[in-house]
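Report on one structure; see the data block that follows.
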Amino acid sequence: MEFQAPAINIAIILPVVIVAGFGLVLMILDMLMEDELRGLGPWISLGGLVLAGLQTIALWLGGSYETFIPVGGHPMVVVDGYAHFFNMLFIITGILAILMSMPYLIKADIDEKAEYYMLLMFSISGMMLMGMANDLLLIFIGLELLSIPLYVMCGIARPREASEESAMKYFLLGAFASGFLVFGLALLYGATGSTALPVVVENFTAGGVIAYTGLAMQLVGLAFKVGAVPFHMWTPDVYEGAPTAVTAFMSVGAKVGGFAAMIRILAEAVPQESAPIWTTAIAIIAAATLILGNVVAISQTNIKRMLAYSSIAHGGYILMAVAALPFSGDAVSASLTYMLTYMFTNLGAFAVIMMVEKSGNRGVLLEDYKGLSKRNLGMALILAYFMFSLIGMPLTGGFIGKFVVFQAAIDANLIWLTIIGVVTAAVSAYYYLRVVFYMFMFDGQGDLEFSPAMMTATTVALVATLAIGFFPGLWLNLARTASLASQLLMAGG
Amino acid sequence: MTNSIVLTLLMSLPLVGVVVILFLPVFNNQTDFNIKFVANATAIITLLFSIAILPLYDMGVPTLQLEDTGSWIDALGVTYHVGVDGLSILMILLTTFISAVAIGSSWNGIDKQVKQYYIFMLLLETGMLGVFLAQDLFLFYIFWEFTLVPMYFLIGIWGGKERVYASIKFFLYTMAGSLLMLIAILYVGIQAGTFNLPELIANRELYAGAQQWLFWGFAIAFAIKVPVFPFHSWLPDAHTQAPTAGSIVLAGVLLKMGTYGFMRFNLPMFPEASTNAAPIMATLAIIGIIYGAIVSFAQTDVKKLVAYSSISHLGFVMLGIFSLNEIGIQGAILQGVNHGLSTGALFFLVGVIYEQRHTREISEFGGLWRAMPVFAVTSLIVTLSSMGLPGLNGFVGEFSILLASTGSDALGDSPWIYTAFATSGVILAAIYLLKMYQGVFMGPLDNPKNQALRDMNRGELAIMLSFLLFIVWIGIAPSIWFASMDATVADLIQNVVMMAGG
Numbered sequence: 135m136e137f138q139a140p141a142i143n144i145a146i147i148l149p150v151v152i153v154a155g156f157g158l159v160l161m162i163l164d165m166l167m168e169d170e171l172r173g174l175g176p177w178i179s180l181g182g183l184v185l186a187g188l189q190t191i192a193l194w195l196g197g198s199y200e201t202f203i204p205v206g207g208h209p210m211v212v213v214d215g216y217a218h219f220f221n222m223l224f225i226i227t228g229i230l231a232i233l234m235s236m237p238y239l240i241k242a243d244i245d246e247k248a249e250y251y252m253l254l255m256f257s258i259s260g261m262m263l264m265g266m267a268n269d270l271l272l273i274f275i276g277l278e279l280l281s282i283p284l285y286v287m288c289g290i291a292r293p294r295e296a297s298e299e300s301a302m303k304y305f306l307l308g309a310f311a312s313g314f315l316v317f318g319l320a321l322l323y324g325a326t327g328s329t330a331l332p333v334v335v336e337n338f339t340a341g342g343v344i345a346y347t348g349l350a351m352q353l354v355g356l357a358f359k360v361g362a363v364p365f366h367m368w369t370p371d372v373y374e375g376a377p378t379a380v381t382a383f384m385s386v387g388a389k390v391g392g393f394a395a396m397i398r399i400l401a402e403a404v405p406q407e408s409a410p411i412w413t414t415a416i417a418i419i420a421a422a423t424l425i426l427g428n429v430v431a432i433s434q435t436n437i438k439r440m441l442a443y444s445s446i447a448h449g450g451y452i453l454m455a456v457a458a459l460p461f462s463g464d465a466v467s468a469s470l471t472y473m474l475t476y477m478f479t480n481l482g483a484f485a486v487i488m489m490v491e492k493s494g495n496r497g498v499l500l501e502d503y504k505g506l507s508k509r510n511l512g513m514a515l516i517l518a519y520f521m522f523s524l525i526g527m528p529l530t531g532g533f534i535g536k537f538v539v540f541q542a543a544i545d546a547n548l549i550w551l552t553i554i555g556v557v558t559a560a561v562s563a564y565y566y567l568r569v570v571f572y573m574f575m576f577d578g579q580g581d582l583e584f585s586p587a588m589m590t591a592t593t594v595a596l597v598a599t600l601a602i603g604f605f606p607g608l609w610l611n612l613a614r615t616a617s618l619a620s621q622l623l624m625a626g627g
Numbered sequence: 009m010t011n012s013i014v015l016t017l018l019m020s021l022p023l024v025g026v027v028v029i030l031f032l033p034v035f036n037n038q039t040d041f042n043i044k045f046v047a048n049a050t051a052i053i054t055l056l057f058s059i060a061i062l063p064l065y066d067m068g069v070p071t072l073q074l075e076d077t078g079s080w081i082d083a084l085g086v087t088y089h090v091g092v093d094g095l096s097i098l099m100i101l102l103t104t105f106i107s108a109v110a111i112g113s114s115w116n117g118i119d120k121q122v123k124q125y126y127i128f129m130l131l132l133e134t135g136m137l138g139v140f141l142a143q144d145l146f147l148f149y150i151f152w153e154f155t156l157v158p159m160y161f162l163i164g165i166w167g168g169k170e171r172v173y174a175s176i177k178f179f180l181y182t183m184a185g186s187l188l189m190l191i192a193i194l195y196v197g198i199q200a201g202t203f204n205l206p207e208l209i210a211n212r213e214l215y216a217g218a219q220q221w222l223f224w225g226f227a228i229a230f231a232i233k234v235p236v237f238p239f240h241s242w243l244p245d246a247h248t249q250a251p252t253a254g255s256i257v258l259a260g261v262l263l264k265m266g267t268y269g270f271m272r273f274n275l276p277m278f279p280e281a282s283t284n285a286a287p288i289m290a291t292l293a294i295i296g297i298i299y300g301a302i303v304s305f306a307q308t309d310v311k312k313l314v315a316y317s318s319i320s321h322l323g324f325v326m327l328g329i330f331s332l333n334e335i336g337i338q339g340a341i342l343q344g345v346n347h348g349l350s351t352g353a354l355f356f357l358v359g360v361i362y363e364q365r366h367t368r369e370i371s372e373f374g375g376l377w378r379a380m381p382v383f384a385v386t387s388l389i390v391t392l393s394s395m396g397l398p399g400l401n402g403f404v405g406e407f408s409i410l411l412a413s414t415g416s417d418a419l420g421d422s423p424w425i426y427t428a429f430a431t432s433g434v435i436l437a438a439i440y441l442l443k444m445y446q447g448v449f450m451g452p453l454d455n456p457k458n459q460a461l462r463d464m465n466r467g468e469l470a471i472m473l474s475f476l477l478f479i480v481w482i483g484i485a486p487s488i489w490f491a492s493m494d495a496t497v498a499d500l501i502q503n504v505v506m507m508a509g510g
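Quick note, the sequences are listed as chains A and B, same order.
Be aware that the first sequence starts at 135, since it is given in the working numbering, and climbs by one per residue.
Be aware that the second sequence starts at 9, since it is given in the working numbering, and climbs by one per residue.
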């Protein structure tokens with residue numbers, strides 16, 4: 135029998151290959167290099183991400199909608215507008231996270247330089263796989279690739295106990311969630327005879343209860359990753375204990391990655407007729423997430439813990455759009471827009487927080503922000519702007535995100551959920567504004583340290599949040615084009 | 009339709025001041041002076057500009073004028089659309105006037121973070137102008153929410169002892185209401201495919217089925233802003249804690265955004281629902297009138313007294329609006345202006361005395377007539393205007409509203425009951441205001457701390473005289489003021505009655 139080489143178009147998966155490849159290079163360099171040269175780690179990874187970003191843009195502009203077919207059968211990877219959009223999100227998250235990590239690791243006395251960036255690169259490649267995967271198996275691989283480096287990164291500030299505890303908790307609960315995901319995968323495979331999403335959707339109804347159970351377990355696994363209630367328990371401790379740069383990275387990257395896969399599965403692997411069942415479940419989870427995240431955040435005194443609950447709450451808003459998926463043509467682009475604005479705003483807020491933080495995990499209490507405006511009016515205003523964006527005040531990116539998500543939810547006739555969304559948004563104003571009034575309305579010793587890399591990250595995030603807030607048209611079109619140039623709607627609609 | 013740039017220009021003028029102030033350094037008293045100077049100049053130029061464009065405004069035309077449109081967010085069907093008509097022209101003038109006065113009155117009172125203060129004041133002015141000019145729901149909502157931010161900082165940084173509590177309460181209350189309005193806006197937008205107000209009004213059958221809900225979505229947001237009883241509890245805190253200029257702007261303009269919202273959005277977009285809700289809204293208005301008056305009577309703090317009196321006065325405005333006839337709406341608009349003038353002036357006067365004594369307790373004063381004669385005379389005129397004395401502005405507005413409620417078709421078979429209760433509010437106003445005046449100005453000058461008080465200086469007097477000019481003008485010759493809104497109001501009422509009746 136003659137060997138038939140499968141038709142593989144490496145070019146279309148080049149972005150993820152580049153990111154993972156640079157991760158491998160860093161791994162080898164870390165072993166070979168002298169100590170001084172290991173300082174190049176962040177620059178090498180930045181280079182890799184920029185390269186991957188350029189390749190993504192080239193593919194996106196080329197308008198390619200291609201599938202990566204391994205050996206016959208169904209494509210495991212789909213490189214559509216949706217995937218391009220997420221790839222860009224993850225690459226930007228990675229770039230900003232590296233910029234923030236460079237000064238932060240020095241400040242926090244964390245020594246494992248090249249190792250840290252290698253882990254970061256692998257985690258990003260996992261996220262990218264989540265956005266491109268068209269097969270349950272690949273989603274699982276992407277999730278593990280995303281998570282395992284994160285477990286290590288959380289604990290990288292050892293011997294600080296909080297960091298080790300954070301890593302341990304994240305790992306134990308994360309492994310448990312992966313178990314759910316795999317079990318769900320097995321059940322879906324058993325019920326439908328395939329792990330490829332296009333086949334799963336065809337045989338889903340025939341799969342009956344087993345298929346539904348499998349889907350539910352998959353959703354539990356992903357809900358854990360995005361920190362949706364009631365699978366959020368790990369979030370506050372892990373966010374608080376992890377080095378802040380890691381917290382920033384995972385509060386955006388891991389969450390967005392989870393949603394990338396969740397939306398892909400729900401839009402592609404589940405037939406339209408079962409929509410009422412799962413949307414009800416997602417809507418209830420969204421409501422619980424919104425209420426719990428926003429209400430519990432009020433009582434926090436540690437800003438990292440507060441932002442942990444806030445990030446749970448933001449997951450709730452994205453879930454609102456997910457619940458609207460089968461009923462509103464705008465739901466996908468709404469969730470993409472929300473994630474875009476959340477990425478810039480949250481990373482920007484964390485950048486300022488890292489500048490306020492002092493070595494030894496000090497300077498992370500709300501008290502430490504007292505009087506910041508008197509010393510650094512500019513930075514206080516910038517952090518205030520990010521807080522207003524997280525609330526969703528007009529003329530910030532956050533407003534546009536909330537606006538389109540509410541629009542999609544109303545379009546899908548989820549009025550009750552929208553009311554919960556706006557009421558909890560009003561509640562959230564309380565705890566975000568607390569940061570603002572500590573900075574502006576009290577006297578105190580609040581101060582911060584600048585560094586060029588951190589300033590660059592802050593500026594990028596600020597400019598992007600402003601741009602989305604004032605000129606949303608461009609970004610909305612971007613998200614809409616991305617969601618239209620995908621096969622999500624073909625199955626869903 | 010021809011585009012006119014003047015309104016956009018008007019809105020941008022305060023922003024020019026903001027940019028200039030941003031680049032002024034803060035080092036010493038000299039630069040503080042520069043900042044104050046630029047801020048005052050900006051506010052006055054904006055005021056003059058708003059007066060200068062009046063000849064362009066044609067009182068005979070009921071529809072929007074001086075419109076400026078442009079595409080903004082095509083993806084959402086959002087346009088940039090500003091315009092002015094009879095409902096908003098007086099509000100624009102009130103805004104530029106009150107802003108100029110408020111900024112002028114801060115010259116001595118504000119001594120910390122001067123630069124930020126004036127930036128927030130000017131941003132607030134742009135926001136308020138935007139609220140009154142926007143003719144696109146999305147644009148309106150942006151300005152509406154935007155005004156919260158500068159006001160939050162003004163109360164929170166430069167306010168009194170409980171400023172943090174008051175500022176956050178103000179912010180949360182208003183925002184909760186606004187977000188409910190956002191749901192209604194989104195619903196209307198999705199159903200009609202546009203956020204442009206004139207188009208929405210023209211195509212109101214597209215969302216008419218849900219109008220009973222939509223009406224309340226908008227109404228709660230506006231009712232909190234006005235505030236209509238029982239949504240008023242943020243107001244006394246915000247007023248007492250805000251700096252003098254903050255109170256002037258809050259009472260003078262921000263509350264009018266609520267009443268304006270009812271006229272601009274609720275009535276033309278949801279006429280049937282408005283007619284149905286008229287008895288409820290009018291009842292709440294009556295409760296507000298009497299409740300505000302009674303609670304005012306019990307206050308020992310002058311500023312709190314004035315704050316509660318606002319609830320009472322705004323009750324009249326609400327009664328006028330939901331009388332749903334021409335004279336009612338006209339009276340409501342004019343009474344909004346009157347309240348802005350009288351209450352703004354009262355807050356200013358309270359500020360003058362507070363700067364010297366750092367107290368506002370009525371019992372601390374008494375006999376001030378002797379120590380500060382000019383202050384006492386101007387205070388008397390303003391107090392009488394707030395009471396609704398014939399010949400001054402308050403009378404004209406209140407009288408129109410009472411008249412309107414008697415003849416209102418929307419308020420059931422015996423609308424005179426509303427009138428009767430509202431009239432008792434006029435009497436109560438006389439009681440609490442005269443009690444305050446008596447306590448502060450009459451009697452012996454027996455508190456030694458009051459004997460050395462200085463009378464108003466020239467700057468303060470100039471500000472007071474500008475208030476008095478309008479207080480007397482509207483009182484004596486109200487016809488030109490009514491004429492400015494006549495055509496638009498007639499058109500609006502005709503539409504409401506036609507829709508609700510047919």
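Idealized CB from N, CA, C, for every residue including glycine.
It should be emphasised that the depicted structure is a prediction, and the values quoted were computed from it without experimental measurement.
Burial state of residue i, where buried means 16 or more other Cβ atoms lie within 10 Å
| i | result |
| --- | --- |
| residue 358 of chain B | buried |
| residue 326 of chain B | buried |
| residue 413 of chain A | buried |
| residue 505 of chain A | buried |
Cβ of residue i within 8 Å of any chain B Cβ
| i | result |
| --- | --- |
| residue 225 of chain A | no |
| residue 541 of chain A | yes |
| residue 626 of chain A | Here residue 626 of chain A scores only 40 on pLDDT, less than 50, and its place in the model should not be relied on; the value that follows carries that caveat. Judged by the 8 Å Cβ criterion, residue 626 of chain A is not in contact with chain B. |
| residue 567 of chain A | yes |
Supposed contact pair residue j and residue i - C-beta distance, whole angstroms, cut 8 Å
| i | j | result |
| --- | --- | --- |
| residue 297 of chain B | residue 323 of chain B | 4 Å |
| residue 375 of chain A | residue 300 of chain A | 3 Å |
| residue 183 of chain A | residue 228 of chain A | 5 Å |
| residue 124 of chain B | residue 174 of chain B | Not quite, the Cβ-Cβ distance comes to about 18 Å (not below 8 Å), so this is no contact. |
| residue 629 of chain A | residue 523 of chain A | This structure cannot speak to residue 629 of chain A, because chain A is shown only from 135 to 627. |
Proximity test, Cβ basis, 8 Å: residue i and chain A
| i | result |
| --- | --- |
| residue 179 of chain B | yes |
| residue 187 of chain B | yes |
| residue 316 of chain B | no |
| residue 183 of chain B | yes |
Selected residue, minimal CA-CA separation from residue i, among the options
| i | options | result |
| --- | --- | --- |
| residue 441 of chain B | B/464, B/316, B/407 and B/382 | B/316 |
| residue 23 of chain B | B/85, B/132 and B/98 | B/132 |
| residue 126 of chain B | B/60, B/98 and B/42 | B/42 |
| residue 159 of chain B | B/472, B/83, B/363 and B/252 | B/252 |
| residue 521 of chain A | A/542, A/498, A/481 and A/497 | A/481 |
| residue 469 of chain B | B/79, B/50, B/44 and B/109 | B/109 |
| residue 480 of chain B | B/203, B/393 and B/11 | B/393 |
| residue 452 of chain B | B/364, B/88, B/376 and B/91 | B/376 |
| residue 380 of chain B | B/450, B/266 and B/498 | B/450 |
Check: residue i C-beta below 7 Å from any heavy atom of the ligand ADP
| i | result |
| --- | --- |
| residue 66 of chain B | With respect to small molecules bound, the structure shown includes none, and the ligand ADP cannot be examined in it. |
C-beta neighbour in chain D for residue i, strict 8 Å
| i | result |
| --- | --- |
| residue 40 of chain B | Note that chain D does not occur in the displayed structure, where the protein chains are A and B. |
Compile a chain-ordered list of the residues in the segment 150 to 164 of chain B whose CB is closer than 9 Å to at least one CB of chain A. If the cut-off is 9 Å between Cβ atoms, the segment 150 to 164 of chain B has 150, 151, 152, 153, 154, 156, 157, 160, 161 and 164 near chain A.
Tell me which residues of the segment 114 to 131 of chain B have at least one Cβ-Cβ distance to chain A shorter than 7 Å, keeping chain order. Listed by position along the chain: nothing, the set is empty.
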